[in-house]
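Colleague: Counting in the UniProt record's numbering, the sequence shown runs from 1 upward without gaps.
Every residue gets a Cβ at the ideal spot worked out from N, C-alpha and C, and that includes glycine.
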Amino acid sequence: MNGLSRPRQGRVIAGVCAGLGRRYGMSAWTVRLLAILSCLLPGPQFVLYIILWVMMPSE
Numbered sequence: 001m002n003g004l005s006r007p008r009q010g011r012v013i014a015g016v017c018a019g020l021g022r023r024y025g026m027s028a029w030t031v032r033l034l035a036i037l038s039c040l041l042p043g044p045q046f047v048l049y050i051i052l053w054v055m056m057p058s059e
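#1: Take Leu4 as the anchor and find which of Ser27, Gly21, Arg11 has the nearest alpha-carbon.
#2: Using DSSP's beta-bridge definition, name the partner residues of Arg6.
#3: Alpha carbon to alpha carbon, what distance is there between Gly25 and Gln9?
#4: Within 10 angstroms of the Cβ of Gly15, are there 16 or more other Cβ atoms? Answer buried if so, exposed if not.
#5: Alpha carbon to alpha carbon, how far is Ile36 from Leu52? Give it in angstroms, no decimals.
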């Protein structure tokens, strides 16, 4: 199983969704769609995305 990292190829904004998709065996677009849909719910989704952007190492 791969570690959690942001890929250099296939990034849209920062590569967080692509990295999560690769780690958990999902399509990057599926993770992106889930992230966008989760933003419709109340909560700290944008803050979590920024934290993952900073904390996840790049390939």
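Modeller: By the coordinates alone:
#1: On the sequence shown, residue 4 is found 4 positions in, with the first residue counted as 1. Nearest of Ser27, Gly21, Arg11 to Leu4, Cα basis: Gly21.
#2: Looking up residue 6 in the sequence shown gives position 6. Answer by DSSP bridge pairing, in chain order: Ser58.
#3: The sequence position of residue 9 within the sequence shown is 9, counting from 1. The sequence position of residue 25 within the sequence shown is 25, counting from 1. Distance between the alpha carbons of Gln9 and Gly25 is about 16 Å.
#4: Residue mapping note: residue 15 aligns to position 15 of the sequence shown, counting from 1. Label assigned to Gly15: buried.
#5: Along the sequence shown, one-based indexing puts residue 52 at 52. Along the sequence shown, one-based indexing puts residue 36 at 36. Roughly 15 Å between the two C-alpha positions.
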